[in-house]
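Position one of the sequence shown corresponds to residue 1 (full-length UniProt numbering), numbered consecutively onward.
See structure below.
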Amino acid sequence: MGFAASSLKVALPADLAVNTEVDLCSSTGGYSLQARLNVSLPDIDHETARAIVDAAHQICPYSKATRGNINVTINLV
Numbered sequence: 001m002g003f004a005a006s007s008l009k010v011a012l013p014a015d016l017a018v019n020t021e022v023d024l025c026s027s028t029g030g031y032s033l034q035a036r037l038n039v040s041l042p043d044i045d046h047e048t049a050r051a052i053v054d055a056a057h058q059i060c061p062y063s064k065a066t067r068g069n070i071n072v073t074i075n076l077v
């Protein structure tokens with residue numbers, strides 16, 4: 001997230017927080033995972049915060065590796 005923020009020329013707050021919830025889902029085809037990332041970026045307006053988390057999700061190596069395999073929802077809280 002730091003790289004995404006710096007590319008947008010935004011300083012991240014010291015008290016940012018990311019809480020992750022992961023669910024094990026069952027279906028007729030077996031099991032799968034889904035995740036919710038609850039991101040708090042205090043003192044950053046909603047539009048800028050959304051741009052940061054969306055950019056971070058696109059460049060994150062872990063996100064790239066799991067894209068298409070795990071449903072991920074990113075919530076700004």
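Glycine residues also receive a C-beta, built at the ideal position from the N, C-alpha and C atoms.
Indicate the three-state DSSP secondary structure (helix, strand or coil) for residue i in the structure shown.
i     : result
Gly68 : coil
Gly29 : coil
Asp54 : helix
Per DSSP, which one or two residues make a beta bridge with residue i?
i     : result
Val22 : Ala35
Leu76 : Val39
Ala11 : In the DSSP output, where bridge partners are listed per residue, Ala11 has none listed.
Ala17 : Ser40
Cβ atoms of residue j and residue i: under 8 Å apart, would you say?
i          : j     : result
residue 80 : Ala17 : With the chain covering only 1 through 77, there is no way to say anything about residue 80.
Leu8       : Ile74 : no
Met1       : Ala65 : no
Thr20      : Leu37 : yes
Relative to the C-alpha of residue i, which residue among the options is closest?
i     : options                     : result
Pro24 : Val10, Lys9, Leu8 and Ile70 : The sequence as given places Leu at residue 24; Pro does not occur at that position. When each option's Cα is compared against that of Leu24, the closest is Ile70.
Can you find the residues in the same chain that come closer than 8 Å, C-beta to C-beta, to residue i, ignoring five residues on each side of it along the sequence?
i     : result
His46 : Leu76
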